[in-house]
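Under this note's numbering, the residues of the sequence shown are numbered 6 to 711, in order. Note that CB positions come from ideal geometry on N, CA and C, so glycine has one too. Written out below as structure tokens is the structure these notes cover.
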Amino acid sequence: MIGIPNVRDRVLQAAAAQWLQERIEPILLPTTFAYRPALGPQRAAAYAARLAADYDWVITADIEKYFDNVDHDILAGVLGDIHVTPADLATLMAWLRATPIDRGTPFATVKGLPQGLTIAPSLANLYLHDFDRRLHHAGWKHARFADDFVVFATRQAEAGHMHQWMASYLATERKLKFKAAKTAMAPVAQGFDFVGFRIDRDGLRFSASTPDRFKTSLEARLRTLNGDLDGSVRTVNDLVRGWRAYYGGMSDMLNKQLAVLEGWRRVRIAASLSAAGHPQLWLTTMFESLTVERTQEAPGAYGPDAPEAPAVAQPPAGEWSRSQAPQPESVTATTHRARKPAPTPARKSVSQTGRTKAIRALAIGITQRPWVTETGDLMVPMHGAFVTRAGETLVVKRKQQTVFEVPLTAVKHVSVIGQGASLSGAAIVACVARGIRIWIVDRFGRGLGFFTPARSPLSPRIARLLLRAAMTRRGTALARDILSGKLLNQRALLLYYAKGPSRPPELRTALRNAAAVVRASLPDIRAIDAPLRVARQELFLVEARAAAAYWAAFARLVPVSMGFPGRRGRGATDPVNTLLNYGYYKLLHVVWLAVDRVGLIPWLGVMHTGRRRSPALVLDLMEEFRAVAVDRVVLGVLGRGFQPRQRPDGRLRLTTKTTFEHAWEANLVRPVRSGESLERLVRTQAGAFRRALEDHTTYRPVVMSW
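Below you can see the structure in the form of structure tokens.
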């Protein structure tokens, strides 16, 4: 049964699924490959192929209607074993036992995990965890992907005993049974099918029906080539990309089989193009290839090294240990002898190191997954990530496993965070050709560098105008306009918070008084009329006087528990200033992109001089947006009870950054003036600044309403 939760339950289940994953993942054995980060069917098949080289007999098994037959009472007991509280257990069971309604007809749910529930995959793994653990403690080597698994033996008699025990255990302990058509016991030399691969002594290859399935699928997609060319190309490339990702590079034999299938694909598509009257050149320019361009890791690099113990700490007293683990019925501990010698203490140390690395890799996969913001920024925080291109898609991989994909059309810029990620030449070329800025960002959010097209809209005339403005009264006029916008937005933010009726009267009065001080600085700003090289210091002195009142009022809006010491820039260690600095770095990226697009020169500023080799003009145009784009967001998340978390070195934790990112994005796409979003206004203002520079007109800043 497919169960589609309503929106409210789906949101709650997403949180519950993450909570379950964190509880269940540490106890699962490395031989369980389904629904787990950085694992998957390819690693399950590669691990089974490694075991097949050491054993003579194999049991291939599939559980009949596994998801439909999970017993709720047994599952409740298993959840209790991992210390799920009665209240949480009641919620989980309520989701499982909810009554599905199809066109007004209710269906009673008495057992099973409805497919479509976000919590179903984790519960499915947990339900068979004891089965995996008993096999492991008895010394049997196996690999399981959901309800599909293989178990290896050295002799036929051992395999027969094992088959009987597994059938008995599943029937009595889990109320499940094997699917007769897909369960068999056979010599490894004959080969066996597992998760879409054919495995024998020589390694991995296609299953017998695999090429026919590909040909049938391709033929169906080519039928629309004459009427819907774009749609046909897209669906064919989706098919080819999926098969290439699933089978490519797993073994030399699979690469050869893919090459043969690729030859057939080329002939078939060429014939379809000719029949539809399209040029043959499109075969190579529009359609992707099945063949793998570079060799991936050998199959031996996939899967666990047949671990001697689960990748967790020793269980507490009363739980299973190797000495007290029950043996399967009719099978003694001496019946099964693996071909490899028992591990030495040194080997165990290596295994422990491998498990530590596996746990770290798993944590990276769970907590550092890439994402795309609402403003089109692809964030890549994952250590060991590799960003490449597949057709019209950017693909993020880790350890040659795809972890994230996004169409190039949905990306405006890419932020590679930290030094643990790399980019392919294809990804760089694709982004540069489309004007997608690739930022290299450190862990504090500061931009270290970026890729930019060789052809730039910069012009010598703009450079001359900026240099002249930096020395004359024209620059003073532009600086006055920018600083006026900054002060007006600071005043508007304070008045916005002062009008809240729930705030104490003395706080509202203090905010209004601070807003009046900021407002009183505007005539002083506008009265300055010397050449900019003389007036710059005076402008900053007036702005600093207004900033003192603004930040003192800002501090009164910050919860006392935050320990806000006042505004600090570089080197700040308190959470509020660190969050503000992170937001300003993000604002800098947005403004920089706008400056580039209108052909301004980031390094030649008006107020800022670029003494620290900084993008002076970008810092200039940021000023009017600081209160609107960053200060307001920080106060908003802190006012809702958000507690920023930091690492020992002062960096914000990834969860804190993610929470701030969501609030930042929501504010950036929020309509500000005449229905225009803040992001669009940043681009508009960059263009307005260029026009004011060229036409000697007044620059009108964006002022937030309150």
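Based on Cα-Cα distance, which residue from L428, A634 and D137 lies nearest to Y589?
Comparing C-alpha distances from Y589 to each of L428, A634 and D137 shows the shortest one belongs to A634.
On the three-state DSSP scale, how would you describe D86?
helix
Looking at the structure shown, is V563 part of a helix, part of a strand, or coil, going by DSSP?
coil
Taking Cβ to Cβ, would you say P620 is nearer than 9 Å to L585?
no
contact_flag[the segment 269 to 282, the segment 229 to 238] where n(CB pairs < 8 Å) is 3 or more
With a cut-off of 8 Å, the segment 229 to 238 and the segment 269 to 282 count as touching, because enough Cβ pairs lie within range.
Can you round the beta-carbon distance between I443 and L453 to whole angstroms, since I take them to be within the 8 Å contact cut?
Between L453 and I443 the Cβ distance is about 12 Å, and since that is not below 8 Å, they are no contact.
Which of the three DSSP states, helix, strand or coil, is assigned to W325?
Low confidence applies to W325: its pLDDT is 30, below 50, so where it sits in the model is not reliable enough to give any reading.
Collapsed DSSP secondary structure at I445 in the structure displayed
In the structure shown, I445 sits in a strand (DSSP, three-state: E or B).
Less than 9 Å between the beta carbons of T123 and A21, yes or no?
yes
What residue range does the alpha helix (DSSP H) around P91 cover?
P91 -> alpha helix (DSSP H) spans P91 to L101.
Helix, strand or coil at P620 according to DSSP, with G and I counted as helix:
coil
Continuous alpha helix (DSSP H) stretch holding H667: start and end
L659 to L673
When the Cβ atoms of the segment 31 to 45 are set against those of the segment 177 to 193, are three or more pairs found closer than 8 Å?
no
Return the chain-ordered list of same chain residues with a C-beta closer than 6 Å to the C-beta of A39, the five sequence neighbours on each side being excluded.
So the qualifying residues of the chain are F150 and A151.
Could you check how far apart the C-beta atoms of A194 and Y52 are, in whole angstroms? I think they sit under 8 Å.
Actually they do not touch by this definition, with Cβ atoms about 19 Å apart.
Rounded separation between R513 and V523 - CA only:
CA-CA distance, R513 to V523, rounds to 15 Å.
Given this structure, state the Cα-to-Cα distance separating E684 from D636, to the nearest angstrom.
16 Å
Since D205 sits in a beta bridge, which residues does DSSP pair it with?
G208
R394 - partner residues in DSSP beta bridges
L399
Going by DSSP, what residues sit across from S682 in a beta bridge?
P676
Return helix, strand or coil for W24, following the three-state DSSP convention.
Helix.
Continuous beta strand (DSSP E) stretch holding M384: start and end:
D382 to V385
Per DSSP, V419 is paired with what?
L383 and I443
Supposed close pair Q651, T583 - CB separation, criterion 8 Å
That belief holds up - the Cβ atoms of Q651 and T583 are roughly 6 Å apart, short of 8 Å.
With three or more C-beta pairs closer than 8 Å as the rule, is the segment 73 to 86 touching the segment 120 to 136?
yes
Exposed unless 16 or more other CB atoms sit within 10 angstroms - verdict on G253
buried
Residue of P284, A225, L295 and E224 minimising C-alpha distance to Y251:
L295
Tell me the residue span of the beta strand (DSSP E) that contains I530.
Segment P510 to A532 is the alpha helix (DSSP H) holding I530; no beta strand (DSSP E) there.
At which residues does the beta strand (DSSP E) containing T614 begin and terminate?
Premise fails: T614 is in no beta strand (DSSP E) and is neither H nor E.
Beta-carbon proximity list for P111, same chain, < 6 Å, skipping 5 on both sides:
T104
Count the other C-beta atoms from every protein chain shown that fall within 10 angstroms of the C-beta of P607, then say buried if there are 16 or more, exposed otherwise.
buried
Determine the extent of the beta strand (DSSP E) in which A503 is found, giving its start and end residues.
No beta strand (DSSP E) contains A503, which is instead part of the alpha helix (DSSP H) from R478 to A503.
Which residues does DSSP pair with V156 in a beta bridge?
I64 and H147
Evaluate L118 with the Cβ neighbour count: other Cβ atoms within 10 Å of its Cβ, from every protein chain shown; 16 or more gives buried, anything less gives exposed.
buried
Cβ contact (3+ pairs, closer than 8 Å) linking the segment 689 to 707 and the segment 656 to 673:
no
Could you tell me whether the segment 238 to 249 touches the segment 86 to 103, where touching means 3 or more Cβ pairs closer than 8 Å?
no
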